[in-house]
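Engineer: First residue of the sequence shown? That's 1150 in our numbering, and the numbers climb one at a time after it. Ideal Cβ placement from N, Cα and C applies to all residues, glycine included.
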Amino acid sequence: MNIPITSAEVYMWFFIHVGVLLVAAAWLTVSAILFPKFTGRGAVILGSKPWRSFFIGLGLFIIGIILFAVMNAIPFAGGKFIAVVIGLSVILLGLLGAGGLVRCLALRVYPKEMSHSVRSLYGISLLVVMTWMLPLLGWFLALPTTLILGLGSIIQSRTPKTQDATTEA
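1) Just tell me which of W1288, L1300, I1231, Y1271 has its CA closest to the CA of G1208.
2) In chain order, what residues of the same chain lie with their CB nearer than 7 Å to the CB of A1255, ignoring the 5 residues before and after it?
3) Closer than 6 Å by C-beta to I1304: which residues in its own chain qualify, once you throw out the five before and the five after it? Chain order, please.
4) Apart from the five residues on each side of it in sequence, which residues of its chain come closer than 8 Å, Cβ to Cβ, to W1281?
5) Using 8 Å as the Cβ pair cut-off and three pairs as the minimum, do the stretch 1223-1236 and the stretch 1152-1165 touch?
6) Would you mind sorting L1237 into buried or exposed? The rule is 16 or more other CB atoms within 10 Å of its CB.
7) So, under 8 Å CB-CB, A1181 and R1252 are touching, yes? Tell me the CB distance rounded to an integer number of Å.
8) Can you name, in chain order, every residue of its own chain whose Cβ lies under 6 Å from the Cβ of I1154, other than the five neighbours on each side?
In C-alpha coordinates form, the structure reads like this:
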(Lines of atoms letter the chains of each structure in order from A and count residues from 1; the text may use other names and numbers.)
(Lines give C-alpha, C1' and ligand atoms only; values in the text may rest on other atoms or scores of the structure.)
Protein backbone atom coordinates (compact mmCIF):
# COMPACT_ATOMS: atom_id res chain seq x y z
CA MET A 1 0.00 0.00 0.00
CA ASN A 2 1.52 3.30 -1.06
CA ILE A 3 0.79 6.41 0.91
CA PRO A 4 1.25 9.38 -1.38
CA ILE A 5 3.23 12.25 0.07
CA THR A 6 2.90 15.52 -1.73
CA SER A 7 5.66 18.07 -2.03
CA ALA A 8 3.52 20.44 0.02
CA GLU A 9 3.69 18.05 2.97
CA VAL A 10 7.44 17.71 2.61
CA TYR A 11 7.86 21.50 2.54
CA MET A 12 5.51 21.87 5.50
CA TRP A 13 7.59 19.57 7.71
CA PHE A 14 10.85 21.08 6.45
CA PHE A 15 9.78 24.62 7.30
CA ILE A 16 8.39 23.55 10.67
CA HIS A 17 11.80 22.10 11.54
CA VAL A 18 13.66 25.16 10.28
CA GLY A 19 11.32 27.42 12.26
CA VAL A 20 11.84 25.44 15.46
CA LEU A 21 15.61 25.62 15.01
CA LEU A 22 15.53 29.38 14.39
CA VAL A 23 13.41 29.90 17.50
CA ALA A 24 15.76 27.72 19.58
CA ALA A 25 18.73 29.78 18.35
CA ALA A 26 16.81 32.91 19.29
CA TRP A 27 16.23 31.54 22.82
CA LEU A 28 19.95 30.88 23.22
CA THR A 29 20.80 34.37 21.99
CA VAL A 30 18.16 36.13 24.06
CA SER A 31 19.26 34.36 27.23
CA ALA A 32 22.85 35.43 26.56
CA ILE A 33 21.72 39.04 26.00
CA LEU A 34 19.13 39.39 28.78
CA PHE A 35 21.26 37.80 31.49
CA PRO A 36 24.86 38.77 30.69
CA LYS A 37 26.24 38.29 34.21
CA PHE A 38 24.41 35.02 34.70
CA THR A 39 25.43 33.57 31.33
CA GLY A 40 28.91 35.03 31.75
CA ARG A 41 29.33 33.01 34.95
CA GLY A 42 27.96 30.03 33.07
CA ALA A 43 30.52 30.57 30.30
CA VAL A 44 33.37 30.62 32.82
CA ILE A 45 32.04 27.49 34.52
CA LEU A 46 31.56 25.65 31.21
CA GLY A 47 35.01 26.74 30.07
CA SER A 48 36.72 25.51 33.21
CA LYS A 49 34.65 22.55 34.48
CA PRO A 50 32.36 21.27 31.70
CA TRP A 51 32.14 17.73 33.11
CA ARG A 52 30.86 18.97 36.43
CA SER A 53 28.13 20.94 34.66
CA PHE A 54 27.37 17.93 32.50
CA PHE A 55 26.83 15.56 35.42
CA ILE A 56 24.76 18.07 37.41
CA GLY A 57 22.65 18.72 34.33
CA LEU A 58 22.36 15.01 33.60
CA GLY A 59 20.95 14.40 37.07
CA LEU A 60 18.36 17.13 36.60
CA PHE A 61 17.56 15.89 33.10
CA ILE A 62 16.94 12.34 34.36
CA ILE A 63 14.80 13.64 37.25
CA GLY A 64 12.79 15.68 34.73
CA ILE A 65 12.27 12.64 32.50
CA ILE A 66 11.17 10.50 35.45
CA LEU A 67 8.76 13.17 36.71
CA PHE A 68 7.41 13.62 33.18
CA ALA A 69 6.83 9.88 32.78
CA VAL A 70 5.19 9.51 36.18
CA MET A 71 2.87 12.48 35.70
CA ASN A 72 2.05 11.41 32.14
CA ALA A 73 1.05 7.93 33.40
CA ILE A 74 -1.68 9.44 35.57
CA PRO A 75 -4.94 8.97 33.66
CA PHE A 76 -6.33 12.40 34.56
CA ALA A 77 -5.96 15.53 32.47
CA GLY A 78 -4.36 17.44 35.34
CA GLY A 79 -1.51 14.94 35.54
CA LYS A 80 -0.87 15.18 31.81
CA PHE A 81 -0.89 18.99 32.03
CA ILE A 82 1.68 18.87 34.83
CA ALA A 83 3.76 16.47 32.73
CA VAL A 84 3.77 18.96 29.86
CA VAL A 85 4.74 21.78 32.24
CA ILE A 86 7.61 19.70 33.61
CA GLY A 87 8.85 18.74 30.14
CA LEU A 88 8.67 22.29 28.82
CA SER A 89 10.34 23.62 31.99
CA VAL A 90 13.30 21.28 31.54
CA ILE A 91 13.65 22.35 27.91
CA LEU A 92 13.26 26.06 28.69
CA LEU A 93 15.74 26.00 31.59
CA GLY A 94 18.18 24.03 29.43
CA LEU A 95 17.91 26.61 26.64
CA LEU A 96 18.29 29.52 29.05
CA GLY A 97 21.34 27.93 30.65
CA ALA A 98 22.78 27.16 27.22
CA GLY A 99 23.20 30.91 26.80
CA GLY A 100 26.31 30.31 28.92
CA LEU A 101 27.47 27.78 26.33
CA VAL A 102 26.94 30.38 23.61
CA ARG A 103 29.00 32.92 25.58
CA CYS A 104 31.72 30.30 26.21
CA LEU A 105 31.94 29.54 22.49
CA ALA A 106 31.90 33.27 21.68
CA LEU A 107 34.88 33.78 23.98
CA ARG A 108 36.72 31.02 22.14
CA VAL A 109 35.82 32.23 18.66
CA TYR A 110 36.36 35.93 19.42
CA PRO A 111 38.91 35.91 22.30
CA LYS A 112 39.92 39.59 21.97
CA GLU A 113 36.40 41.03 22.23
CA MET A 114 35.12 41.81 25.70
CA SER A 115 31.47 42.18 24.64
CA HIS A 116 29.91 40.38 21.73
CA SER A 117 27.40 41.73 19.26
CA VAL A 118 23.96 40.25 18.79
CA ARG A 119 25.04 39.11 15.34
CA SER A 120 27.99 37.13 16.66
CA LEU A 121 25.93 35.59 19.49
CA TYR A 122 23.12 34.62 17.11
CA GLY A 123 25.63 33.18 14.65
CA ILE A 124 27.14 30.99 17.34
CA SER A 125 23.65 30.02 18.52
CA LEU A 126 22.82 28.97 14.96
CA LEU A 127 25.98 26.86 14.84
CA VAL A 128 25.00 25.11 18.06
CA VAL A 129 21.45 24.54 16.83
CA MET A 130 22.63 23.33 13.42
CA THR A 131 24.40 20.45 15.16
CA TRP A 132 20.97 19.24 16.23
CA MET A 133 19.94 18.67 12.60
CA LEU A 134 22.29 15.76 11.98
CA PRO A 135 20.16 12.62 11.97
CA LEU A 136 20.57 10.40 15.02
CA LEU A 137 23.79 11.98 16.35
CA GLY A 138 22.25 15.43 16.41
CA TRP A 139 18.90 14.30 17.73
CA PHE A 140 20.14 11.92 20.40
CA LEU A 141 23.58 13.34 21.27
CA ALA A 142 24.00 17.04 20.40
CA LEU A 143 20.54 18.26 21.42
CA PRO A 144 20.42 16.48 24.79
CA THR A 145 24.04 17.42 25.51
CA THR A 146 23.25 21.08 24.88
CA LEU A 147 20.22 20.95 27.19
CA ILE A 148 22.13 18.98 29.84
CA LEU A 149 25.05 21.45 29.79
CA GLY A 150 22.51 24.28 29.98
CA LEU A 151 20.82 22.75 33.02
CA GLY A 152 24.16 22.23 34.75
CA SER A 153 25.24 25.74 33.87
CA ILE A 154 22.05 27.31 35.18
CA ILE A 155 22.38 25.53 38.53
CA GLN A 156 26.07 26.31 38.98
CA SER A 157 25.86 29.96 37.97
CA ARG A 158 22.76 30.94 39.93
CA THR A 159 24.82 32.79 42.57
CA PRO A 160 28.18 34.51 42.21
CA LYS A 161 30.99 32.62 43.85
CA THR A 162 33.19 34.26 46.48
CA GLN A 163 36.17 34.12 44.12
CA ASP A 164 34.19 36.18 41.58
CA ALA A 165 33.63 38.87 44.21
CA THR A 166 37.33 39.04 44.99
CA THR A 167 38.32 39.37 41.32
CA GLU A 168 35.82 42.21 40.77
CA ALA A 169 37.19 44.28 43.68
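Structural biologist: This is what the structure holds:
1) L1300 is the residue among W1288, L1300, I1231, Y1271 whose C-alpha sits nearest the C-alpha of G1208.
2) H1265, S1269, L1270, I1273
3) I1205
4) L1170, A1173, G1287, W1288, A1291, L1292, T1295
5) no
6) Around the Cβ of L1237, a 10 Å sphere holds fewer than 16 other Cβ atoms; the residue is exposed.
7) For a cut-off of 8 Å, the C-beta gap from A1181 to R1252 is around 5 Å, short enough to register as a contact.
8) none
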